[in-house]
Structures are given as C-alpha cells and as structure tokens.
Amino acid sequence: MEDQKHIVQCKTILNKAHDEFNSNNFKHAEELYTEFINLCTNSSAFDAKDLAVAYNNRGQVKYFRVDFYEAMDDYSAAIKANGQFEVPYYNRGLIRYRLGFFQDAESDFKMALDINANFEDARQSLSQTILDREEKMKRGY
27 MEDQKHIVQC KTILNKAHDE FNSNNFKHAE ELYTEFINLC TNSSAFDAKD LAVAYNNRGQ
87 VKYFRVDFYE AMDDYSAAIK ANGQFEVPYY NRGLIRYRLG FFQDAESDFK MALDINANFE
147 DARQSLSQTI LDREEKMKRG Y
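Each number in my numbering corresponds to the 1-based position in the sequence shown with 26 added.
Structure follows, in structure tokens:
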C-alpha cells in the first residue's frame, strides 16, 4: 500500500511538472522535476521512462537558460535511465554541435537515429553536423 501511495505521489509531481513546462513556467517546472527525481530515483517503484523524461525536460529548462553543461548532465542522466529514449541523445547532440564538438554531436545524432530511424530533426542535424565538421577540417581547425 505504501508503494502505491509513493507511486501516486511521484506521478502527481511529474504531471504537475509537465503542466508547468508546457505552460512555459520553467522555473517551477525545474523545481518539480528535481523533486520528482529526488523522490522517485531511489524508489523501487519508479518507472525508468518517467525518470528519463523528467531528466530530459529538466535539461531542456537548463538549455533554455543557456546552462549547456548542466543540461548535458541531465540529458546524459536521461540516457542512463532509459537508453532507448532518442530525444535526450538528440538534445545533447544539439548542445555538442553548438559548442563545436562535432564528432560527439554526430555520435549522439546517430544514436537517436538508431533508436528512431524516422526522427527527421536528428537526420537533418546529423547532415549539418557532418558538413560543418568537414568545413572545419578544410580550414585546418
């Protein structure tokens, strides 16, 4: 019974976090995602997919704040929680691309496409990353 109450509590927090995120109330969403992560990570009843979504979305909030390294940490945690969730690979790849880490970005975009071959944004980002990496090499950087 206690596990069931804990699951309901975690789901309620996660749903509130999603509502805040979707309403662009990012500060409160981040707080709720953090609460969910802290409360539910050490529970035997947590769902790895929910945990991955919480880390990914909290990473998005950090990305919007331009806290790229913190966002990448959250995307990496999302991947660790659920390695078959393509979105955090894509999101981490976008940051790596923006920072000029083209090989790492390429690897992330490829992983996203390995998981979901129909992920068109990842396909386009991969193509652009390869072009930019080749251009960088031509310039001798």
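The C-beta atom is built at its ideal place from N, Cα and C for all residues, glycine as well. On a predicted model such as this, the values are computed, not experimentally measured, just so you know.
Endpoints, alpha helix (DSSP H) assigned at residue i
i: S49; result: Here S49 belongs to no alpha helix (DSSP H), and DSSP marks it neither H nor E.
i: D99; result: F94 to A107
i: Y115; result: E112 to R124
i: N83; result: A74 to F90
i: S153; result: E146 to K164
i: F135; result: F128 to I141
Assigned exposure category for residue i - 16 Cβ within 10 Å defines buried
i: A143; result: exposed
i: G85; result: buried
i: D29; result: exposed
i: S151; result: buried
i: D100; result: buried
i: N50; result: exposed
Cβ neighbours of residue i in the same chain (closer than 8 Å, five flanking residues each side left out)
i: D134; result: Y115, Y116, R118, G119 and R122
i: E46; result: F52, H54, A55 and L58
i: K162; result: G126 and F128
Same chain, Cβ closer than 7 Å to residue i, neighbours up to 5 away in sequence not counted
i: A107; result: A74, L77, A78 and Y81
i: E96; result: K88
i: T60; result: R84
i: A182; result: Only positions 27 to 167 of the chain appear in this structure, which leaves residue 182 out of reach.
Whether residue i touches residue j by CB criterion (8 Å)
i: E112; j: I141; result: yes
i: R159; j: F128; result: yes
i: F94; j: L125; result: yes
i: S69; j: H32; result: yes
i: L40; j: F72; result: no
i: A131; j: L139; result: no
Residue-chain proximity (residue i, chain D), Cβ-Cβ < 8 Å
i: K106; result: Although the question refers to chain D, the structure presented lacks it and comprises just one protein chain.
Contacts around residue i, its chain only, beta-carbon distance under 6 Å, and the 5 residues preceding and following it disregarded
i: K136; result: none
i: C66; result: C36 and F72
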